[in-house]
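Numbered according to UniProt numbering, the sequence shown spans residues 1 to 227. Just so you know, even glycine gets a beta-carbon here, dropped at the ideal spot from N, CA and C. Remarks on the structure that follows.
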Amino acid sequence: MKKLTKTLYFNVALLMLSGCTYNTNEESITASSENRSVSESTEEDATKTSESMSISEVEETDTDDAGDTSSEDSVNSGLEDGPPGEHSDSDTGDPEEVETRSQYSNEQIEYARVWLQLGANQFIDRLHVEHIPAGTPLNPNDDTSVSYPEAVIQLAGSRLVDGSVTYSSNGDGTINVYNVPLRWDGQYPAGKKFYTDIIKNTQLVSIEQGDDEKIIELIKLLKVNVQ
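Spelled out as structure tokens, the structure:
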């Protein structure tokens, strides 16, 4: 009987020990499972955070690229349009800088070219042009004076020291120069022969093209008078 009791007590103790061991193992398994779940959750959160950061970086990169593109477009636009206020000479340049003799009449160019080549003084403040019709006496103050056989042009400065040029144009780049003064001084009557010799001794002169800039400067000084 005692032996049976001991055996029974041993078996009960063994069962209780097995139960404890089973519970311990189950709790260990449960704890391990929970730890694994927490670990997986943490890794998942870390992955989501990483993905979120990647997406944010991509968006920032796109934003930066957009900003760079806008800046580049602005620079290119500035290059294409050119600096403000800057344009082609042919559009908005100073008129005096782009002037050519083609902007003026043939008559104006002729007056300037003749004076540039034959004028006694190039530093004048005004270039007077007087058209004298044919039949006008060379010297209106002398009754013995003969008349011009053709219409002539007389160029003169504002002062006597500037000199004068009296000529007729042949229309082929040459002129006939009359050796007459701007103001007649001397003993009168001078006689018909004196004036006739002036007409016979006109000088044929070929007029050069001249410098455009100087011609334009003289054209701006023109004052034309017609009798």
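Residue i versus residue j - alpha carbon distance
i           : j    : result
V205        : Y111 : 14 angstroms
S90         : E99  : Legend: pLDDT at S90 = 38, less than 50; position of this residue unreliable, value from coordinates given subsequently. Cα to Cα, S90 sits roughly 10 angstroms from E99.
D197        : P149 : 13 angstroms
G119        : G171 : 20 angstroms
residue 230 : E213 : The shown model of the chain, from 1 to 227, leaves out residue 230, and the question about it has no answer.
Y178        : N106 : 21 angstroms
T136        : I153 : 12 angstroms
G186        : Y104 : 40 angstroms
CB of residue i within 8 angstroms of CB of residue j, strictly
i    : j    : result
S145 : L155 : no
I207 : G173 : yes
Y188 : N225 : no
I219 : D162 : no
V114 : V165 : yes
CB-CB length for residue i against residue j, believed under 8 angstroms
i    : j    : result
A151 : H131 : 7 angstroms
G157 : R183 : Going by Cβ atoms, the distance from G157 to R183 rounds to 13 angstroms, so no, they are not a contact pair.
Counterpart residues of residue i in DSSP-defined beta bridges
i    : result
N225 : E130
L204 : N176
A156 : H128, S164
S147 : P137
Of the listed residues the options, nearest to residue i (C-alpha basis)
i    : options                : result
T202 : A190, N176, G135       : N176
R159 : N179, N121, D143, D185 : N121
P133 : G210, Y167, Q103       : Y167
Q108 : K193, Y178, S169, G191 : S169
D211 : R183, L116, L222       : L116
S147 : G191, E217, Y104       : G191
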